[in-house]
Amino acid sequence: MAAKALRRLGVFAVCLLGASLVVFLISNWLPGDVAQVMLGTDATPEALARVRAELGLDQPLWLRYFAWIGGLLTGNLGTSPLSHYPVWELLAPRVAVTLWLVVLGIGLSILIALPLGMYAALRRRHLGGFAVSGLAQIGMAVPVFWGGILLALVFAVWLRWLPANGYVPLTRDPAGWAAHLALPVLTLGLVQAAVLVRYVRSAFVEVLHEDYLRTARAIGWSEFRALLRHGVRNAAISLVTVVGLQLAAALVGAIVVEQVFTLPGIGSLLLDAVSKRDLVVVQATVMLLVLAVLAINYRVDVSYLLIDPRQRSRGAAPEGRA
Amino acid sequence: MLAVEHLTVAFGRRPPAVRDISFAIPEGGRLGIIGASGSGKSVTALAIMGLLPEYARVGGSVKLGGAELVGLPDHEYSKLRGDALTMVFQEPMTALDPTMRVGRQIAEAYRLHAQGSKARDEVLRVLAAVGMPDPARVADSYPHELSGGQRQRALTAMAVINRPGLVVFDEPTTALDMLVQAQVLEMIDGLLRATGASCLFISHDIAVVAQLCAHILVMQDGQAVEQGETGQLLRAPRHPYTQALVAAARKGAVRG
Numbered sequence: 036m037a038a039k040a041l042r043r044l045g046v047f048a049v050c051l052l053g054a055s056l057v058v059f060l061i062s063n064w065l066p067g068d069v070a071q072v073m074l075g076t077d078a079t080p081e082a083l084a085r086v087r088a089e090l091g092l093d094q095p096l097w098l099r100y101f102a103w104i105g106g107l108l109t110g111n112l113g114t115s116p117l118s119h120y121p122v123w124e125l126l127a128p129r130v131a132v133t134l135w136l137v138v139l140g141i142g143l144s145i146l147i148a149l150p151l152g153m154y155a156a157l158r159r160r161h162l163g164g165f166a167v168s169g170l171a172q173i174g175m176a177v178p179v180f181w182g183g184i185l186l187a188l189v190f191a192v193w194l195r196w197l198p199a200n201g202y203v204p205l206t207r208d209p210a211g212w213a214a215h216l217a218l219p220v221l222t223l224g225l226v227q228a229a230v231l232v233r234y235v236r237s238a239f240v241e242v243l244h245e246d247y248l249r250t251a252r253a254i255g256w257s258e259f260r261a262l263l264r265h266g267v268r269n270a271a272i273s274l275v276t277v278v279g280l281q282l283a284a285a286l287v288g289a290i291v292v293e294q295v296f297t298l299p300g301i302g303s304l305l306l307d308a309v310s311k312r313d314l315v316v317v318q319a320t321v322m323l324l325v326l327a328v329l330a331i332n333y334r335v336d337v338s339y340l341l342i343d344p345r346q347r348s349r350g351a352a353p354e355g356r357a
Numbered sequence: 002m003l004a005v006e007h008l009t010v011a012f013g014r015r016p017p018a019v020r021d022i023s024f025a026i027p028e029g030g031r032l033g034i035i036g037a038s039g040s041g042k043s044v045t046a047l048a049i050m051g052l053l054p055e056y057a058r059v060g061g062s063v064k065l066g067g068a069e070l071v072g073l074p075d076h077e078y079s080k081l082r083g084d085a086l087t088m089v090f091q092e093p094m095t096a097l098d099p100t101m102r103v104g105r106q107i108a109e110a111y112r113l114h115a116q117g118s119k120a121r122d123e124v125l126r127v128l129a130a131v132g133m134p135d136p137a138r139v140a141d142s143y144p145h146e147l148s149g150g151q152r153q154r155a156l157t158a159m160a161v162i163n164r165p166g167l168v169v170f171d172e173p174t175t176a177l178d179m180l181v182q183a184q185v186l187e188m189i190d191g192l193l194r195a196t197g198a199s200c201l202f203i204s205h206d207i208a209v210v211a212q213l214c215a216h217i218l219v220m221q222d223g224q225a226v227e228q229g230e231t232g233q234l235l236r237a238p239r240h241p242y243t244q245a246l247v248a249a250a251r252k253g254a255v256r257g
């Protein structure tokens, strides 16, 4: 098991290296550069050339790549040529905002989708089951930004219960922090839950047809208790993959939600940096997102090993399936 | 012990899968049901266990120890299942939860119906009773670490841990190879003899049923076409279908 986890770590490192190459090349292919943004459209070619030389933009592409990678490996993300702040100082407070949004949003979506999906699976031939599936279908068709605007309209504009935009750090004002995050988290959570419910339902419908569930019924479990006892763990094997994908999708969804509720997260930083061709910030931010997605996938792979004993002993013991 | 009268099971608008079946199993008695796949023998077993899907319509009467089971609410039925009556299924490969150690699954059957902290002792006792040479090792194994025959023994252990009055076997040896099949049948025979439990044994193989059961019921297209004492039925089958089955089994025996 340790060797397996180690091999997956190797794959992880190779993926990260490949991603860095792609991120670097694509961001450098963008037309226009930061010198142009700094000096304006009426700058002379000489002035542009001088600024580019100062920023090292006149060096060959491969040299710049290795300088950047070398910096990343030693923990130096670079300095934004526009704001003159180290990139890490720009990123850190925003990472916290996005992280809260994504973690709480996914947590909420699981809390909503798990019981609803189980209910829809158990009552799949009844009105209640159909109603849950239908609601999920409608929920899936709602775009994130529209759902966010709708929620803001109801809870912020009409009812005036919650603020519609802005952010307060947790350490400064916990109550204000919660109030400002409530609507964004609700938006992300509901949209993700609508997708998740379908997967939870089909995972449990599949489990309900398994022979071991009938065995559990034959020794005296009720259908619901049998599903709790023997269904959840088995359904989790297929759901872990989906939740991992959802987590990656939520990172993208978070960028949209941050725009709707003007949260100072990674999303707004990234969009701002792209429009100003602040490639140092763009590259660092995208690499961080890539790192997050790869780390999630790695966790997913490792959690298979934790949940499914068959995966643990594959190769180590005979399968016993004749 | 078990009295089934005019049992009829229908799914939706299709013609009934089981039509007007009646039989009785006395205390400690064994009845074998044989028939081709789709003849309704497994549906009969599931009807007795109360494990048919909710859209099945069940008519007639199933009495266990004098108490009517048809129409019993599921939470009442659940108290009987695993305790008064249990079932061993056909597919040992898929009938155990792959994510849980075998010993824990068997202990569950015990804890559902009995209080006390000696579940582990009971599990080891019953694993030994079903002929497992190393009960402790088996109890700590996951299903995929056991062979087909071992898994079928584990399922049987699960079914008999609470000393039920009736055990229903649904083709318990069909998925096993010939040698293991003979060993498992021998184990079941000894186990039933030792506990005095009644048994309903379902198979498509008349030779297997004859080895274990004193009485046989033959099913075709959801109906009982013939039933009687095993020796009598083998010597002088009356229904054409039974005659064909017996003739085929003789041929197989000569060849084998």
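For the protein sequence lines, the chains are A and B, in the order given. The first sequence begins at 36 in my numbering and counts up by one. The second sequence begins at 2 in my numbering and counts up by one. For every residue, glycine included, the Cβ atom is placed at its ideal position computed from N, Cα and C.
Q. For A:Gly224 versus A:Leu143, is the C-beta distance shorter than 9 Å?
A. Going by C-beta atoms, A:Gly224 is nearer than 9 Å to A:Leu143.
Q) Does any residue of chain A bring its CB to less than 9 Å from the CB of B:Asp98? A) Closer than 9 Å: yes.
Q.
Here's the rule I'm using: 16 or more other beta-carbon atoms within 10 Å means buried, otherwise exposed. How should B:Val131 be labelled?
A. Classified as buried, B:Val131 has 16 or more neighbouring CB atoms from the shown chains inside 10 Å of its CB.
(Q) Contact criterion: CB-CB distance below 9 Å. Does B:Arg15 meet it with respect to chain E? (A) Reference to chain E is not applicable here, since the protein chains of this structure are A and B.
Q: At 9 Å on the CB atoms, spell out the chain B contacts of A:Ser348, in chain order.
A: Per Cβ cutoff of 9 Å: Tyr143, His145 and Glu146.
Q.
Which residue wins for smallest C-alpha separation from A:Val69, given the options A:Val317, A:Pro299, A:Gly288 and A:Trp123?
A. Of the listed residues, the one whose Cα sits closest to A:Val69 is A:Val317.
Q | Exposed unless 16 or more other CB atoms sit within 10 angstroms - verdict on B:Met179 | A | Counting C-beta atoms within 10 angstroms of its own C-beta, B:Met179 has fewer than 16 neighbours from the protein chains shown and is therefore classed as exposed.
Q) Counting contacts by CB-CB distance shorter than 9 Å, is A:Asp343 in contact with chain B? A) By this cut-off, A:Asp343 is an interface position.
Q. Between A:Leu326, A:Val325 and A:Leu274, which lies nearest to A:Ile342 when the distance is taken from Cα to Cα?
A. For A:Ile342, the nearest C-alpha among the options comes from A:Leu274.
Q: Quickly, what does DSSP pair B:Ala225 with across the bridge? List them, please.
A: Secondary-structure assignment with DSSP links B:Ala225 through a beta bridge to B:Met220.
Q. Under three-state DSSP, which class holds B:Gly51?
A. Look at B:Gly51 here: in three-state DSSP terms it is coil, with no helix or strand label.
**Q.** Cβ shell of B:Asp75 (< 6 Å), same chain only, five flanking positions each side left out
**A.** Taken in chain order, the list of residues that qualify is empty.
Q.
With a threshold of 9 Å between beta-carbons, can B:Leu167 be considered close to chain A, or not?
A. Not one beta carbon of chain A lies nearer than 9 Å to the beta carbon of B:Leu167.
Q: Would you kindly report the start and end of the unbroken alpha helix (DSSP H) that includes A:Phe190?
A: Looking at the DSSP string, A:Phe190 is not in any alpha helix (DSSP H), and its letter there is neither H nor E.
Q. At a CB-CB cut-off below 9 Å, which residues of chain B make contact with A:His215?
A. For the C-beta of A:His215, not a single chain B residue is nearer than 9 Å; the gap to the nearest is close to 41 Å.
Q: With a 10 Å radius around its C-beta and 16 neighbouring C-beta atoms as the bar for buried, classify A:Ala148 as buried or exposed.
A: The residue is buried, with at least 16 neighbouring Cβ atoms inside 10 Å.
Q: Kindly indicate which three-state DSSP category A:His265 falls into: helix, strand or coil?
A: The answer is helix: DSSP assigns A:His265 an H, G or I state.
Q. So B:Ala46 packs on B:Leu147, CB below 8 Å; how close in whole Å?
A. Not confirmed; about 24 Å, so no contact.
Q: Check whether the Cβ atoms of A:Phe190 and A:Val295 lie closer than 9 Å to each other.
A: Pairing A:Phe190 with A:Val295 gives a Cβ-Cβ distance that is not under 9 Å.
Q. If we ignore side chains and look at the alpha-carbon of each, how far apart do B:Ala250 and B:Gln182 end up?
A. The straight-line gap from Cα to Cα measures roughly 17 Å.
Q | Option in B:Ala140, B:Tyr242 and B:Val59 with minimal Cα separation from B:Ile22 | A | When C-alpha distances from B:Ile22 are compared across B:Ala140, B:Tyr242 and B:Val59, the shortest belongs to B:Val59.
Q) Given 8 Å as the limit, is there contact between the segment 85 to 97 of chain A and the segment 255 to 272 of chain A, that is, 3 or more CB pairs closer than that? A) Contact between the segment 85 to 97 of chain A and the segment 255 to 272 of chain A is not established, with fewer than three Cβ pairs separated by less than 8 Å.
(Q) Spatial neighbours of B:Val210 within its chain, please: C-beta separation below 7 Å, excluding the five flanking residues on both sides. (A) These residues qualify, in order along the chain: Gly33, Ile35, Phe202, Ser204 and Ile217.
Q) How about B:Gln153 and B:Pro173: are their beta carbons less than 9 Å apart? A) In this structure, B:Pro173 lies closer than 9 Å to B:Gln153 by Cβ.
Q: Can you tell me which of the three DSSP states B:Ala249 falls into?
A: Secondary structure at B:Ala249: helix, using DSSP grouped into helix, strand and coil.
Q) Helix or strand or just coil, what does DSSP make of A:Pro66? A) A:Pro66 falls in the coil class under three-state DSSP.
**Q.** A:Gly169 versus A:Ala229: straight-line alpha-carbon distance, rounded
**A.** Approximately 10 Å between the Cα atoms of the pair.
Q: Identify whether B:Cys200 lies in helix, strand or coil by the three-state DSSP scheme.
A: Look at B:Cys200 here: in three-state DSSP terms it is strand.
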